[in-house]
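In my numbering, the protein residues as written are 35 to 466.
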């Protein structure tokens, strides 16, 4: 297999996200930087910093000239950045030295690379937003449909009390809603123009520098940070943290789905076949979600540790290049898998668990019932004694307590679980 599984032809159907892959391809990277170079020349020409004819020529050429990314590889290896080779190749392709001399006027490599990245991250976040909204809509439908489907809740992995399937789905959804609310701020933090010049001062552009940065931001539809983000990477770190938390929210659903498919209370459409066991239907989707979440956690941690010591700190910058694209792609892929998951709860199996004939799922409720007549501690002690007897001898806790089993039907014990499911669905649909 390849070094990066997301780029593997063999594994692409499992881990890769074709839409994200296109955004982070070499061709898209070069194209974005060309757009930045051409747009910068255009606004500089309009401001009279360079000849307007040169600015217009370079802007048009940047949209038309095609550069082969592989032709920039040697220079990138020597220089640590691709922009010097890109500028050289672009100027050569123009065959117009009178205009080409004004290309990359007053800018530095990081200005071009980071602004080009911002253009692609804007598209990547739009994809993620659409998938996040799609996953939430699907979960809202699932929660609403099963708001009153009883099931056994677990704490510490052990049987606890009665809940509903819809309420449990709402837990997944609330995690996604929390990160969804943060998306505008995350987008604002990374979708910004970078135009700071050699040392972050815009000195080469003279007093027009700040106005040119604002004009470039407006032309590209990006935010003007009114500062130099060369060594200040808060936006990138916030994006990395956000992606990790999206993956964690997806991972919660994946963990539950793996448990439920194992015990047979849920089935998934499109499960994977075994090479040797005909009876198996492997939960591939949740397994990939879990793997992507773990992979993303490592990438996010790596990015958080990449704090630049100075502008264009090579090691910190290179770490971003190695880590950010696969992290963003993993986030998009995980959301796609969650949104596409065909979750089918087995209503009979879920209800059977909630109607456990031992009655021990109702131990808490029984202790509160006894506490109406005897002190709370005594009630708990008595219920614990009955539980021990049921475990040793069988029978029913409710019978030992002399209580009517009908009073402990799931519908009378699930508390606000249906309301939790419906409130979540209403939030997603914009009515809460």
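Glycine residues also receive a C-beta, built at the ideal position from the N, C-alpha and C atoms.
Assuming residue i is part of the beta strand (DSSP E), what are its boundary residues?
i           : result
residue 112 : It is not in any beta strand (DSSP E) - residue 112 instead sits in the alpha helix (DSSP H) that spans 107-113.
residue 302 : 300-302
residue 141 : No beta strand (DSSP E) holds residue 141; DSSP gives it neither H nor E.
residue 379 : 377-379
residue 193 : 192-198
Could you check how far apart the C-beta atoms of residue i and residue j are, in whole angstroms? I think they sit under 8 Å.
i           : j           : result
residue 472 : residue 396 : What is shown of the chain runs 35 to 466, which leaves residue 472 out entirely.
residue 14  : residue 68  : Lying before the first or after the last residue shown, residue 14 is absent from the chain, which here runs from 35 to 466.
residue 444 : residue 403 : The pair is not a contact, with the Cβ atoms about 16 Å apart (cut-off 8 Å).
residue 77  : residue 152 : The pair is not a contact, with the Cβ atoms about 16 Å apart (cut-off 8 Å).
residue 336 : residue 353 : 6 Å
residue 363 : residue 51  : 5 Å
residue 169 : residue 372 : 5 Å
residue 233 : residue 345 : 6 Å
residue 141 : residue 231 : 7 Å
residue 207 : residue 458 : 5 Å
residue 195 : residue 398 : 6 Å
residue 292 : residue 317 : 6 Å
residue 84  : residue 90  : Not a contact, Cβ separation roughly 10 Å.
residue 23  : residue 241 : The chain is shown from 35 up to 466; residue 23 falls before or after that span and cannot be answered.
residue 57  : residue 157 : 5 Å
Quick one: is residue i buried, meaning 16 or more other Cβ sit within 10 Å of its Cβ, or exposed?
i           : result
residue 285 : buried
residue 178 : buried
residue 355 : exposed
residue 220 : buried
residue 407 : exposed
residue 154 : buried
residue 126 : exposed
residue 333 : buried
residue 36  : exposed
residue 172 : buried
residue 462 : buried
residue 145 : buried
residue 40  : buried
residue 148 : buried
residue 456 : buried
residue 369 : buried
residue 44  : exposed
residue 71  : buried
residue 324 : buried
residue 436 : exposed
residue 451 : buried
residue 104 : exposed
residue 79  : buried
residue 378 : exposed
residue 235 : exposed
residue 150 : buried
residue 341 : exposed
residue 307 : The pLDDT assigned to residue 307 is 41, lower than 50, so where the model puts this residue is not dependable; a value taken from the coordinates is nonetheless given after this. Classification of residue 307: exposed, given that the 10 Å Cβ count is below 16.
residue 244 : exposed
residue 467 : Any question about residue 467 goes unanswered here, given that the chain covers just 35 to 466.
residue 367 : buried
Could you pull the start and end residues of the alpha helix (DSSP H) that residue i belongs to?
i           : result
residue 85  : Looking at the DSSP string, residue 85 is not in any alpha helix (DSSP H), and its letter there is neither H nor E.
residue 424 : 410-427
residue 185 : Looking at the DSSP string, residue 185 is not in any alpha helix (DSSP H); the run it does join, the beta strand (DSSP E), is 184-189.
residue 336 : 318-338
residue 276 : 268-297
residue 459 : 451-462
residue 244 : 243-254
residue 69  : 60-81
residue 134 : 131-134
residue 46  : 46-49
residue 56  : 52-57
residue 263 : It is not in any alpha helix (DSSP H) - residue 263 carries neither H nor E in the DSSP assignment.
residue 119 : 117-128
residue 437 : Careful: residue 437 lies outside any alpha helix (DSSP H) and carries neither H nor E.
Is there a C-beta anywhere in chain C that falls below 8 Å from the one on residue i?
i           : result
residue 198 : Absent here is chain C; the protein component of the structure consists of one chain.
Three CB pairs or more closer than 8 Å across the segment 61-69 and the segment 113-133: yes
Meets three-Cβ-pair contact criterion under 8 Å: the segment 259-267 and the segment 292-306: no
Given 8 Å, three or more beta-carbon pairs between the segment 276-290 and the segment 249-261: no
Touching by the beta-carbon criterion (3+ pairs, under 8 Å), the segment 90-105 and the segment 132-144: yes
Given 8 Å, three or more beta-carbon pairs between the segment 163-173 and the segment 414-428: no
Cβ contact (3+ pairs, closer than 8 Å) linking the segment 211-222 and the segment 327-340: no
Start-end ranges of the beta strand (DSSP E) lying completely within the segment 348-410, minimum 3 residues: 377-379
Three-pair Cβ contact test at 8 Å for the segment 203-211 versus the segment 224-238: no
Inter-stretch contact at 8 Å, needing at least 3 Cβ pairs: the segment 179-188 / the segment 252-261: no
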